[in-house]
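**Q**
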Amino acid sequence: MSALVDTRDGYRGLFDIYWPIGVGVLVLFWLLIIGFAWRYRRREDGRPPDVHEHSLLEGSYVALLACVCAVLVYFTFHWMSKDVADLPGEPSSKGQTDVALAATPKPAITVDVTASRWNWTFQYPKYGIRQSGNGTQIPTLVVPTGNVTFRLTSIDVIHAFFIPFLRFKRDAFPERPTNFTLGFHEVGFHHAWGECAEFCGYRHAYMQFNVDVRTPSDFRRWAAARRAGQPQRLTPAMGRQGDYR
Amino acid sequence: MSAVAPAVTTLPRHVRVVGRLSSTDHKHIAANTAVTAFGFFVLGGILALLMRAELAAPGLQLMGDETYNELFTIHGSTMFYLFASPMAMAVGLYLVPLQIGTTNVIWPRIALLGFWLLVGAGVLMYTGFLLKNGAGKSGWFAFDPLSDDVGTPGTGQDLWTLAVILAGASGICQASSLLATIVRRRAPGMTMMRMPVFTWGETVSCLMVVTAYPAVLVAMTLLYADRNGAHIYQNPGGPILYQHLFWFFGHPVVYVVFFPFLGSIAEAIATNAGKRFFGYPFMVASLLIFSALSMAVWGHHMFTTSAVQNRYFSLTSTAIMVVAGIEYFDSLGTMWKGRIVFRTSMLFAIGFLILFLIGGLTGIFVASPVLDYHVHDTYFIVAHFHYTLVGGSVMGLFAGIYHWWPKVTGRLLDERLGKLNFWTLALGTLVTFIPMFFLGSEGMVRRVANYPADRGWETLNTISTIGAFIIAFSVLVFLVNAARSLRLGALAGDDPWDAHTLEWATSSPPPPHNFDGLPPIRSYAPLLDVKLQAEAEEEARAAARAPRAGEAAP
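Protein chains in written order, with the working numbering: chain A, 1 to 245; chain B, 246 to 799.
Put into structure tokens, the structure is as follows:
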């Protein structure tokens with residue numbers, strides 16, 4: 001059984017189906033439109049033949065479109081059912097269980113994410129750690145490789161938690177937590193690669209966070225140091241790579 | 246025209262202006278609405294240029310973040326509430342009574358009220374810029390709680406909310422007048438299944454306006470109350486309720502501003518190909534199903550909220566491709582075996598087919614929730630819907646303008662300027678919005694005045710900004726062309742394009758009562774029938790006159 005959640009799989013899998021079909025249809029229709037326009041340009045006077053229907057051909061074409069639609073919807077549903085991030089039903093503050101979620105290994109840690117104007121706060125209840133920016137400087141989400149469960153909420157307006165390299169985002173609502181599990185695969189520091197995707201007012205553009213993926217042992221060392229009082233490192237919003245280290 | 250013109254021009258100027266602005270002739274209401282809406286298109290475009298100028302490079306060069314937020318809010322609001330939606334109604338108010346062979350719309354005063362509500366909406370929305378806290382700045386969607394009195398304090402946002410109420414009411418007024426006219430005022434012989442495709446496009450648009458716009462009136466009225474002490478949305482379900490109300494309007498509205506212009510290109514293609522529109526019953530059915538389906542897809546704007554049934558909305562949204570595909574089939578069918586003349590209107594129609602396809606296909610892409618989880622609220626979406634609205638609606642609007650301008654003004658537009666207008670708009674649309682697909686895929690979010698400098702996004706943004714100025718140049722070319730035509734344009738005559746529908750069976754511009762007499766109506770291309778019959782009779786007479794020397798005796 002695949003142990004690790006990978007939110008990139010669904011995107012990649014569907015992209016590889018949708019994109020070639022889309023480009024193929026685009027090129028086909030562009031050629032048809034330009035081809036027809038050229039082929040049937042006016043070359044002689046008089047009226048063209050009055051051909052204005054072909055129900056058999058058009059009916060078959062509609063049936064073909066319906067088949068393509070069915071195939072696309074099938075693959076979308078297929079990937080949605082594999083996607084633990086896509087939890088059906090109304091989320092509740094008590095947390096949520098789901099077949100897909102239950103099938104995955106117990107997440108290593110839980111992070112409570114609180115979005116606010118214009119700051120992110122990451123709390124690690126198991127370790128008693130709190131990472132938070134200060135309005136002009138952005139915090140870092142430190143996670144170990146593996147599955148991490150998030151409980152996302154907002155204290156004011158709607159925000160959205162967006163990590164482009166995981167191909168994942170979810171909206172953060174006030175008084176209405178959203179839960180999901182993300183898998184982190186490669187160790188690395190991603191400078192300001194967490195973003196707020198839902199417009200939230202004045203400093204929306206600057207509401208970023210760094211993502212620092214560490215090996216589990218490295219993560220534990222970091223957590224211990226933070227718990228022992230080591231201050232968090234903040235970097236300027238919109239800053240450049242290298243501001244952190 | 247000739248009978249009334251001298252009497253009107255002898256009146257003092259201010260009387261003529263007042264008369265024109267309070268006229269209950271559908272053509273005057275429509276022209277007033279269209280000119281006002283086009284004015285807002287130019288204003289909204291200027292806001293877009295300012296935004297693109299700011300985005301050309303990372304960092305803030307021209308404005309602060311707050312100003313940028315006002316600009317994109319008023320840009321989107323202007324384009325939807327004050328330009329596209331009123332323009333969709335205006336072209337219908339002008340042309341539908343002519344296409345169905347009647348003298349005026351039903352309830353012209355309600356339609357006139359619609360025009361004045363639009364003016365009021367525009368004044369309220371733009372007054373915000375003069376106030377201390379600035380104009381509305383929580384997006385054209387104004388999600389609660391960002392748009393409440395704590396999230397966005399200030400009178401500008403209140404005025405914005407009222408402006409949207411007025412604009413929505415304006416749309417409902419004009420759409421009900423138009424819909425009633427379509428149902429009750431068709432000329433004898435003009436059955437529903439003989440209405441031109443453009444009129445069908447207006448019909449389904451009006452159906453959606455009267456069913457979807459009340460939702461935005463409710464959402465905005467409650468928001469106004471919420472902002473002023475009632476706190477309607479302040480509970481855990483409130484923000485989701487707001488989004489349902491808003492998108493129940495917000496998605497259909499993009500089709501409201503699409504079908505009339507789809508109808509425009511259908512008429513332009515049929516006329517320029519010299520053939521009646523292909524697959525008419527399929528097209529009518531597809532428009533009706535399309536509009537019904539589009540009332541059931543609003544939740545795809547909420548895929549990332551975890552509050553809607555994503556599978557359902559994914560299914561309905563993807564199914565749109567089946568009905569949308571019929572447009573393409575029928576447009577190609579109309580060109581098939583035709584004799585196409587490449588007038589400017591035809592170029593814009595082809596441009597519509599080419600560019601809208603990008604928006605349509607990427608629409609299928611984002612109808613898949615798993616793909617949308619990544620691209621939602623990024624520049625990918627901005628690119629996608631600008632191909633539907635600029636590549637689709639605006640291209641279709643220009644196809645319609647070049648097609649019907651002679652009918653409305655009695656004068657021709659310049660074809661060379663028209664072609665320059667077309668090629669620059671097509672080029673600008675490609676250059677501006679293609680880079681946004683890449684920016685969005687890489688994770689650049691929407692509604693930001695600033696972006697990190699170390700991501701390599703500057704080049705794509707600069708290209709996009711250049712494209713925006715190409716579009717601006719194109720619109721400028723059109724304005725020059727229009728001004729030139731009104732003064733110097735060659736007289737058009739009644740039927741300059743050898744067209745198929747009833748509006749071409751009267752003078753240009755039409756007299757106040759529209760028609761002195763109507764040809765018989767036997768299909769959705771009545772004028773073409775008349776011409777075909779006349780030509781057949783002429784041929785028969787010529788054959789009867791000609792000596793049958795060449796023919797061998799049986």
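The C-beta atom is built at its ideal place from N, Cα and C for all residues, glycine as well.
1. For ILE34 of chain A, which of helix, strand or coil comes out of DSSP?
2. Helix, strand or coil for VAL635 of chain B, going by three-state DSSP, please let me know.
3. So what does DSSP say about ILE477 of chain B, is it helix, strand or coil?
4. Alpha carbon to alpha carbon, how far is VAL211 of chain A from TYR500 of chain B? Give it in angstroms, no decimals.
5. At the level of alpha carbons, what is the spacing between LEU14 of chain A and GLY304 of chain B?
6. On the three-pair Cβ rule with 8 Å, is the segment 640–656 of chain B touching the segment 332–340 of chain B?
7. When the distance is taken between beta carbons, is MET528 of chain B closer than 8 Å to ILE571 of chain B?
8. What does DSSP give as the partner residue(s) for ASN759 of chain B in the beta ladder?
9. Indicate whether at least one CB of chain A lies closer than 8 Å to the CB of ARG732 of chain B.
10. Around the C-beta of PRO418 of chain B, are 16 or more other C-beta atoms found within 10 angstroms, so that it is buried, or is it exposed?
11. Please list the terminal residues of the continuous alpha helix (DSSP H) segment that includes ILE716 of chain B.
12. Count the C-beta pairs between the segment 699–709 of chain B and the segment 660–673 of chain B that are closer than 8 Å, then say yes if the count reaches three, no if not.
13. Measure from the C-beta of ARG692 of chain B to each C-beta in chain A and report whether the shortest distance is under 8 Å.
14. Which ranges would you report for the alpha helix (DSSP H) in the segment 476–519 of chain B if only whole runs of at least 4 residues count?
15. State the start and end residues of the unbroken alpha helix (DSSP H) segment that holds SER562 of chain B.
16. Got a sec, what are the start and stop residues for the alpha helix (DSSP H) ARG221 of chain A sits in?
17. What does HIS648 of chain B reach in chain A if we use C-beta pairs closer than 9 Å?
18. Counting only beta-carbon atoms, is HIS619 of chain B nearer than 8 Å to chain A?
19. Taking ARG439 of chain B as the query, report the chain A residues whose CB atoms sit under 9 Å from its CB, ordered along the chain.
20. Using only the alpha-carbon positions, how far apart do ALA223 of chain A and TYR127 of chain A sit?
21. So which residues of chain B does TYR61 of chain A contact, with C-beta pairs closer than 9 Å?
22. Specify the secondary structure class of SER268 of chain B as computed by DSSP and reduced to three states.
23. Does the Cβ-Cβ distance between GLU198 of chain A and GLY524 of chain B come in under 8 Å?
24. Mapping DSSP to helix, strand and coil, what is CYS200 of chain A?
25. If THR746 of chain B and LEU772 of chain B are in contact, beta carbons under 8 Å, what's the gap, nearest whole angstrom?
26. Residues of chain A with a CB under 8 Å from the CB of THR426 of chain B: which are they?
27. Identify the contact partners of THR178 of chain A in chain B, using a Cβ-Cβ distance below 7 Å as the criterion.
28. Could you spell out where the beta strand (DSSP E) holding LEU182 of chain A opens and where it closes?
29. Under the three-state reduction of DSSP, which class applies to PRO257 of chain B: helix, strand or coil?
30. Find the residues of chain A that neighbour MET580 of chain B, judging by a C-beta separation of less than 7 Å, and give them in chain order.
31. Anyone know if the C-beta pair for THR269 of chain B and LEU357 of chain B falls short of 8 Å?
32. Is it the case that the Cβ atoms of ARG203 of chain A and ASP699 of chain B are separated by a distance below 8 Å?
33. Considering Cα atoms alone, identify which of B:LEU602, B:VAL725, B:ALA781 is closest to ARG661 of chain B.
34. Against VAL25 of chain A, what residues of chain B qualify as contacts under a CB-to-CB distance less than 7 Å, listed in chain order?
**A** Taking the geometry as given:
1. In the three-state reduction of the DSSP assignment, ILE34 of chain A falls in the helix class, which pools H, G and I.
2. In the three-state scheme derived from DSSP, where H, G and I count as helix and E and B as strand, VAL635 of chain B is classed as helix.
3. Coil at ILE477 of chain B, not helix or strand.
4. Roughly 40 Å separates the two Cα atoms.
5. Looking at the two C-alpha atoms, the distance is approximately 35 Å.
6. Counting Cβ pairs under 8 Å, three or more are found: they touch.
7. Cβ atoms of ILE571 of chain B and MET528 of chain B: closer than 8 Å.
8. ASN759 of chain B is not bridged to any residue.
9. With 8 Å as the cut-off, ARG732 of chain B does not count as an interface residue toward chain A.
10. The sequence shown places Cys at residue 418 of chain B, rather than the Pro named in the question. Around the beta carbon of CYS418 of chain B, 16 or more other beta carbons lie within 10 angstroms, which makes this residue buried.
11. It spans 703–733 - the alpha helix (DSSP H) in which ILE716 of chain B sits, taken as one unbroken run.
12. No, they do not touch.
13. For ARG692 of chain B, the nearest CB of chain A lies under 8 Å from its own CB, placing it at the interface with that chain.
14. Counting whole runs of 4 or more residues, the segment 476–519 of chain B contains the alpha helix (DSSP H) stretches 483–495, 497–501, 504–518.
15. Counting along the chain, the alpha helix (DSSP H) containing SER562 of chain B begins and ends at 555–580.
16. Where ARG221 of chain A is concerned, the enclosing alpha helix (DSSP H) stretches over 216–227.
17. Chain-order list of chain A residues neighbouring HIS648 of chain B: empty, with the shortest C-beta distance near 17 Å, by a criterion of under 9 Å.
18. It does: the Cβ of HIS619 of chain B has a partner Cβ on chain A nearer than 8 Å.
19. Neighbours of ARG439 of chain B in chain A, taken as residues whose beta carbon is under 9 Å from its own, are absent, since the nearest beta carbon is some 14 Å off.
20. Cα-Cα distance, rounded: 7 Å.
21. Close partners of TYR61 of chain A in chain B (Cβ separation under 9 Å): GLY570, ILE571, PHE574.
22. Note: SER268 of chain B maps to coil in three-state DSSP.
23. Using a Cβ distance threshold of 8 Å, GLU198 of chain A and GLY524 of chain B do not count as a contacting pair.
24. Looking at CYS200 of chain A - three-state DSSP - the assignment turns out to be coil, as it is neither helix nor strand.
25. Contact flag correct, Cβ pair sits at about 6 Å.
26. Here the premise fails: no neighbours, minimum Cβ distance about 27 Å.
27. The CB of THR178 of chain A comes closer than 7 Å to the CB of SER551 in chain B, given here in chain order.
28. 178–184 is the extent of the beta strand (DSSP E) around LEU182 of chain A.
29. Per DSSP, reduced to three states, the secondary structure at PRO257 of chain B is coil, with no helix or strand assignment.
30. The answer, in chain order, is PHE36, ALA37, TYR40.
31. Going by C-beta atoms, THR269 of chain B is nearer than 8 Å to LEU357 of chain B.
32. Annotated as distal: ARG203 of chain A and ASP699 of chain B, with beta-carbon spacing of 8 Å or more.
33. Answer by Cα proximity: B:VAL725.
34. LEU606, listed in chain order.
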